[in-house]
Amino acid sequence: MISLFSCSSDKPSNSLPSIPGLVSPANNLLCLENVIEFQWNASIDNDRDEISYLLEVSTDNKFSKLDYSKRISFNKHTFSLEPNTTYYWRVKAIDSENNESEYSAVFSFYTEGFGVRNHLPYIPELVSPGDYSKLDNSEVNLKWGGRDPDSDMLTYDIYFDSYFPPSTLISENQTGPTLIVQVESGKNYYWQVVSKDGKGGVTSGLIWTFSIY
Numbered sequence: 089m090i091s092l093f094s095c096s097s098d099k100p101s102n103s104l105p106s107i108p109g110l111v112s113p114a115n116n117l118l119c120l121e122n123v124i125e126f127q128w129n130a131s132i133d134n135d136r137d138e139i140s141y142l143l144e145v146s147t148d149n150k151f152s153k154l155d156y157s158k159r160i161s162f163n164k165h166t167f168s169l170e171p172n173t174t175y176y177w178r179v180k181a182i183d184s185e186n187n188e189s190e191y192s193a194v195f196s197f198y199t200e201g202f203g204v205r206n207h208l209p210y211i212p213e214l215v216s217p218g219d220y221s222k223l224d225n226s227e228v229n230l231k232w233g234g235r236d237p238d239s240d241m242l243t244y245d246i247y248f249d250s251y252f253p254p255s256t257l258i259s260e261n262q263t264g265p266t267l268i269v270q271v272e273s274g275k276n277y278y279w280q281v282v283s284k285d286g287k288g289g290v291t292s293g294l295i296w297t298f299s300i301y
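Written out as structure tokens, the structure reads:
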């Protein structure tokens, strides 16, 4: 009698870690600083193997030449890059058995300048007329205050309507914080100021209202 036995390894196959999901910098992001924090979602390994990550950054979307490559134990890493440059980045996971996931999606971003930082303008402040005030006028002088933490010169867009929310742009890129509007008796009016710093920073103010009797 001939006995047949199947031959198999006692060690089960090791699964691949999951593909990391990129978080930041987001795809097509304009970075106002050249010190970039890269962050991605942690991978999952069904075998509970220890996971590390290979972060690659390149000015070439094919990654034929790497500007930065580093194996990292955590799912975030920060370092400096050249200003005024478009970069592409990707990540893959590697477990302690040297099994590798596929690369993540490729994200791109642009470093605008060296150490440049811009803050949004402060929210516009109401000066007059007071919110919910009742007036007896044929014209009203709208006044507000605008400030910027970087001391940038501000311009303003003003929206004004007899219904809520105001959607009619009555003045665009205005430099001064005052505007005279014509009004009619028996109506409620709503207005909103949007502050702009000329560097892409835009802050919308609250919607204010007054009535004419």
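In the numbering used here, the protein residues as written are 89 to 301. Built from N, CA and C at the ideal position, the CB exists for glycine as well. This structure is a prediction, so every number in the text was calculated from the model and none was measured.
Between the C-alpha atoms of E144 and L154 there is a straight-line separation of about 7 Å. In terms of Cβ geometry, R178 and S157 do not form a close pair [threshold 7 Å]. With distances taken between CA atoms, F162 lies nearest to E138 out of N134, G233, S146 and E138. Between the stretch 234-245 and the stretch 268-283 there are three or more inter-stretch CB-CB distances shorter than 8 Å, so the stretches are counted as touching.
Just measuring C-alpha positions, the residue of A130, Y251, P217 and E170 sitting nearest I160 is A130. H207 has its alpha-carbon roughly 39 Å from the corresponding atom of S189.
Between F126 and the set N102, Y175 and N134, the nearest pair of CA atoms involves Y175.
Bounds of any beta strand (DSSP E) do not take in V271, whose DSSP letter is neither H nor E. Each residue's CA atom was taken as its position, placing Y141 and I107 some 10 Å apart. When the five nearest sequence neighbours on each side are left out, the beta carbons in the same chain lying within less than 8 Å of the beta carbon of L257 are those of D245, I246 and Y247, in order along the chain. Boundaries of the beta strand (DSSP E) harbouring K231: E227 to G233, taken from the DSSP string. With contacts defined as CB atoms closer than 7 Å, T291 and P171 fail to qualify as a contacting pair. The C-beta distance from V111 to S168 rounds to 20 Å, too long to meet the 8 Å contact threshold. When S221, L223 and V215 are compared, the shortest CA-CA separation from K231 is found for V215.
Note that the C-beta distance between P265 and G234 is below 7 Å.
Going by beta carbons, G293 and I211 fall inside the 7 Å limit. Under the 10 Å beta carbon count, D148 is surrounded by fewer than 16 other beta carbons and is classified as exposed. Here DSSP, grouped into helix, strand and coil, assigns V123 to strand.
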